[in-house]
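Data first, discussion second: the structure below is written as structure tokens.
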Amino acid sequence: MTDVLMPALSPTMEEGVLAKWNIKVGDTVKAGDVIAEIETDKATMEVEAVDEGVVDAILVPAGAEGVKVNTPIARLKGEGESSSGGAAAPPQSAAPTAPPNTGEQKTPSPPPGTGGGGREADGGGKPAPTPQQTKGSPTPAVNGADRVFATPLARRIAGQNGVDLKAVKGSGPHGRIVKADVETARPGAAPEQGAASTAEPRKVQSLEQMGIPAGSYDLVPLDGMRKTIARRMTDSFRDVPHFPLSLDLEIDRLLDARVRINATLETRGVKVSVNDLVIKAAAMALKVVPEANASYTPEGLALHHNADIAVAVALEHGLITPIVRKAETKSLAQIAVEMKDLAARARDRKLKPEEFQGGTFSVSNLGMFGIKNFASIINEPQGAILSVGVGEKRAVVHGDALAIATVMSVTLTCDHRVVDGSIGARFLQAFKGFVEDPVTMLA
Amino acid sequence: MDFDLVIIGSGPGGYVAAIRASQLGLKTAIVERELLGGICLNWGCIPTKALLKSGEVFEQLSHLDAYGLGATRPTFDFTKVVERSRGVAKQLNQGVAFLMKKHKIEVIEGEARLEKGTPAPKVLIKLKAGGERTVQARNVILATGARAREIPAVGLAADGDRIWTYRQAMTAKACPKSLLVVGSGAIGIEFASFYRALGAEVTVIEALGRILPVEDEDVSKAAQKAFEKRGLAFRVGAKVTRLGKSKTGVELVLDSGGKSETLTAEAAIVAVGIDGNVENVGLEALGVKVDRGHVTTDPHSATNVAGLYAIGDVAGPPWLAHKASHEGIHCVEHIAGKAGPNIPAPIPGCTYSTPQIASVGLTEAQAKAAGRKVRVGRFPFRVNGKAIASGETEGFVKTVFDEATGALIGAHMIGGEVTEMIQGFALAMTLESTEAELFATVFPHPTMSEAMHEASLDAYGMVLHL
Chain Z
1 MTDVLMPALS PTMEEGVLAK WNIKVGDTVK AGDVIAEIET DKATMEVEAV
51 DEGVVDAILV PAGAEGVKVN TPIARLKGEG ESSSGGAAAP PQSAAPTAPP
101 NTGEQKTPSP PPGTGGGGRE ADGGGKPAPT PQQTKGSPTP AVNGADRVFA
151 TPLARRIAGQ NGVDLKAVKG SGPHGRIVKA DVETARPGAA PEQGAASTAE
201 PRKVQSLEQM GIPAGSYDLV PLDGMRKTIA RRMTDSFRDV PHFPLSLDLE
251 IDRLLDARVR INATLETRGV KVSVNDLVIK AAAMALKVVP EANASYTPEG
301 LALHHNADIA VAVALEHGLI TPIVRKAETK SLAQIAVEMK DLAARARDRK
351 LKPEEFQGGT FSVSNLGMFG IKNFASIINE PQGAILSVGV GEKRAVVHGD
401 ALAIATVMSV TLTCDHRVVD GSIGARFLQA FKGFVEDPVT MLA
Chain C
1001 MDFDLVIIGS GPGGYVAAIR ASQLGLKTAI VERELLGGIC LNWGCIPTKA
1051 LLKSGEVFEQ LSHLDAYGLG ATRPTFDFTK VVERSRGVAK QLNQGVAFLM
1101 KKHKIEVIEG EARLEKGTPA PKVLIKLKAG GERTVQARNV ILATGARARE
1151 IPAVGLAADG DRIWTYRQAM TAKACPKSLL VVGSGAIGIE FASFYRALGA
1201 EVTVIEALGR ILPVEDEDVS KAAQKAFEKR GLAFRVGAKV TRLGKSKTGV
1251 ELVLDSGGKS ETLTAEAAIV AVGIDGNVEN VGLEALGVKV DRGHVTTDPH
1301 SATNVAGLYA IGDVAGPPWL AHKASHEGIH CVEHIAGKAG PNIPAPIPGC
1351 TYSTPQIASV GLTEAQAKAA GRKVRVGRFP FRVNGKAIAS GETEGFVKTV
1401 FDEATGALIG AHMIGGEVTE MIQGFALAMT LESTEAELFA TVFPHPTMSE
1451 AMHEASLDAY GMVLHL
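Top line first, the protein sequences correspond to chains Z and C. Each step along the first sequence adds one to the number in this note's numbering, with nothing skipped, and position 209 is 209. So the mapping is simple: this note's numbering equals the position in the second sequence, first residue as 1, plus 1000.
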């Protein structure tokens, strides 16, 4: 009998939606067969069978949300092996789409003063008394996600100091809570604080409490992507000191250049967009001002070697930021081809995690909607994000004369911890130089 | 850019870092001016273990009657003993060459020097084969190691004849009839143990108040007693005022509390510490921060110069091969952006004398000096079944627990094979175990390691066999 576990499809994946089963009880599967589809934070991925056997039970129904990584989702038996009978938890109770109040029904966490102790000791200084919480394994496997991984010493110190381990973020291997984490945690810290990064961003009053009666709206359930957007944007907007810098660019020459470039590329079937030019110019400008291609970390400012440009792509229900890696080294045609492919696969939710995780700078373009000016929220851990508005004919002053030019407004939102005003300004200057005189990008 | 990473020095810090770098996909080169494997493999840890094993076997042969055995008077051929040790070193040296090849690490034979460069210092190599080569890498790790400290002002320096550092002591032509060992750290004690096993009259001189001064005081005391039983002589709290050649060998004048004494012997070994190899690498011109002969580094082994890291002996104590490897691996993972959590790991220390000595974490005195209330446990091997059966009843295991939390904060052992056992306590400490986990762990019977369990129980008044 082999359990099929909820796979981690990316290093940061904690839970996912079991979107679809491709197998049913009684089917024979062999290694490599696609048995299910899983919707993670940002993508839909196929799950392949690792072992072969006959499907004995489907433990998590299709459509189940919040399925924690490593939860058993199905069970296979070998050829000729008999069914597992009552040995395992019945599929229904095993489904992790449990009612939301299970959290309160759990075995209560040990009261302060208990630790991971074993035998009681005699004599003077008493180590923590023996807790009995390990008796009888009260935590079924499906609740494994609630299990707190902490070293014995961390557990004991937490008990002594009245620290709730659920509120502590582990810095040890596999996120294990170690002594140092507990020592820096505040006693009695509310679980919400530490758990904020994994649970809903924050608690607010219900709509009813706010005067919007039930029944007056439709409730769309939060999918993985919506939760991720909510969490990441809230964390960033709350924790990162944002400030915007705006600049107007005249893009007539850029548009001319684009027409000529596209004429050249026509035979190859490649079409370069204004946004592709913006990506290239931003990457080039980051090489001129490397301080803007940086991330704040507690250990120092990380100056990135490459300009890996994350480009916001709107989806039907959300957005995702696929990355053009080393954009500074790529030709416009390369960027255009890559971007087209990334955007198409993003819309199909077929991006691999490494294709949308780990950019060093972001570009968001709402020009196609006629937006003139906006300031995006920083995409952590990046130091800045460039918001690109519409290119439109505006009255400008050249010398002392009024003239017409195609103008595009851009706003750079900076993380002030790493990108100061002058750095952001120098980046925009360099960016302006490339955009207004695109030939210089060839230099 | 020629390489992602260039490592200077191929000791246990450098070559291990190189392998890890290669595993992480970094294009890596390693520069070695002498022999792959550095001091550890060629002139340190490994060849001395070969010598010590010869000494230990020889010593056991003279106690065969205790086991109900007998043999005609055993002898030794000193040249062959040294030859065996060199053969072992050579085998491992070739092993490192194989590993470098397997992991596609370019070995550059020559002496390296650093010069200003971006994003990391440039490495100029005076090639062994002649000529010079300059390489530019994204990162450079300095792993040049250390050498025996010498104090020529009082004659504590190798003289190419009768006064040795570890290097000459390892390849002596014959076993001296009498020997003076200056310094009672691991190196001094191991050579004293080896030469004593082969019959030399050995006197060990220690400037501090006890031998093996980094070990727990109880261990120092027990060790001195055990060594004296084997015929070693000691002068502790004795400062060497002069060491020099005499007509028949060497003469050493020492001062212990104002009292002067002159010792003579056929040879002397200087083992008074280690100095980092920080010279002639170009560190001054680059402005690399060096403190008391060692490069200053941060927790990721980064120096104050961009792109330059330093690991192992050259980056400071403890001067141990496994510390160098550990730092090297973390440093490379940090460079590659793949570092796991940098949890400070306790570094065990081992001395391969007879009896052996091993320890990890704080001594009882260190813990108390740090203001911690401790619980101390002790268990002697003389009541351990396996130790009695093996005739290795010398020594004990001592544990130090933090009273407030029950954390194991130190463990100290002296006795047979304790160097093979200390990892158990190191693992327990790295996993942040308390007394409860040590109590709950099942130790196999009959083993010497049961004494580890008992010493843990003893700290809480629960010892079983005492």
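Idealized CB from N, CA, C, for every residue including glycine.
Chain-order list of chain C residues neighbouring Z:P244: empty, with the shortest C-beta distance near 30 Å, by a criterion of under 7 Å. For C:A1365, the closest C-alpha among the options C:R1375, C:A1112 and C:R1073 is that of C:R1375.
Nearest to Z:M225 by C-alpha distance, out of Z:T321, Z:T267 and Z:S246, is Z:T321. Comparing alpha-carbon positions, the option among C:A1268, C:G1307, C:V1360 and C:K1289 lying closest to C:Q1423 turns out to be C:V1360. Going by C-alpha positions, C:I1357 is about 5 Å away from C:T1351.
At a cut-off of 7 Å between beta carbons, C:S1301 makes no contact with chain Z. Beyond the five residues adjoining it in sequence on each side, Z:V313 comes within less than 8 Å, by CB distance, of L319, I320, T321, P322, L342, A343, A346 and R347 in the same chain, given in chain order. Under the criterion of beta carbons closer than 8 Å, C:L1024 and C:A1226 do not qualify as touching, at roughly 45 Å. Closest in C-alpha terms to C:N1342, from the list Z:I423, Z:D223, Z:H174 and Z:A281, comes Z:H174. Under the Cβ criterion of 7 Å, C:P1074 is not counted among the residues facing chain Z. Considering only beta carbons, no part of the region 1157 to 1169 of chain C lies closer than 7 Å to chain Z. Counting only Cβ-Cβ distances below 7 Å, C:P1341 has contacts in chain Z at S171, G172 and P173, in chain order. Pairing Z:G424 with Z:L245, the inter-Cα distance amounts to about 7 Å. Chain C has no Cβ within less than 7 Å of the Cβ of Z:I177. Beta-bridge pairing by DSSP links Z:G300 to Z:T297. In this structure, DSSP gives Z:R232 a helical state, which the three-state scheme calls helix.
For Z:L153, the nearest CB of chain C lies under 7 Å from its own CB, placing it at the interface with that chain. Excluding sequence positions up to five before and after Z:R325, its CB lies within less than 7 Å of the CB of N306 and D308, all in the same chain and listed in chain order.
Remark: three or more beta-carbon pairs, one from each stretch, lie closer than 8 Å, so the region 1045 to 1061 of chain C and the region 1195 to 1208 of chain C are flagged as touching. Restricting attention to C:A1428, C:F1401, C:S1449 and C:K1104, the CA atom closest to the CA of C:G1395 is found in C:S1449. Burial state of Z:D56 is buried, judged by a 10 Å Cβ sphere holding 16 or more other Cβ atoms. Taking a contact as a CB-CB distance under 8 Å, the pair C:S1184 and C:E1206 counts as one, their CB atoms being some 4 Å apart. Per DSSP, the continuous alpha helix (DSSP H) segment holding Z:K179 begins and ends at K179 to T184. Cβ proximity to chain Z below 9 Å picks out K1373 and R1375 from the region 1363 to 1397 of chain C. Nearest Cα to C:A1157 within the set C:I1274, C:K1259 and C:T1303: C:I1274. Boundaries of the beta strand (DSSP E) around Z:K20: E15 to W21. DSSP places C:E1215 outside both helix and strand once states are collapsed to three, so it counts as coil. DSSP lists C:A1358 as the beta-bridge partner residues of C:C1350. Of all residues in the region 1403 to 1425 of chain C, the ones placed with a Cβ closer than 7 Å to any Cβ belonging to chain Z are E1403, T1405, G1406 and A1407, in chain order.
Chain C has a Cβ within less than 7 Å of the Cβ of Z:R156. When secondary structure is reduced to three states using DSSP, Z:H242 falls in the strand class.
Per the coordinates, the alpha-carbon of C:A1066 lies some 27 Å from the alpha-carbon of C:K1080.
Assignment of beta-bridge partners to C:W1164 by DSSP yields C:I1269.
One Cα belongs to C:L1208, the other to C:S1256, and the distance between them is close to 10 Å.
Taking C-beta atoms as the reference points, C:S1456 and C:L1431 fail to come closer than 7 Å. In terms of CA proximity to Z:M45, Z:V34 leads the group Z:V54, Z:P290 and Z:V34.
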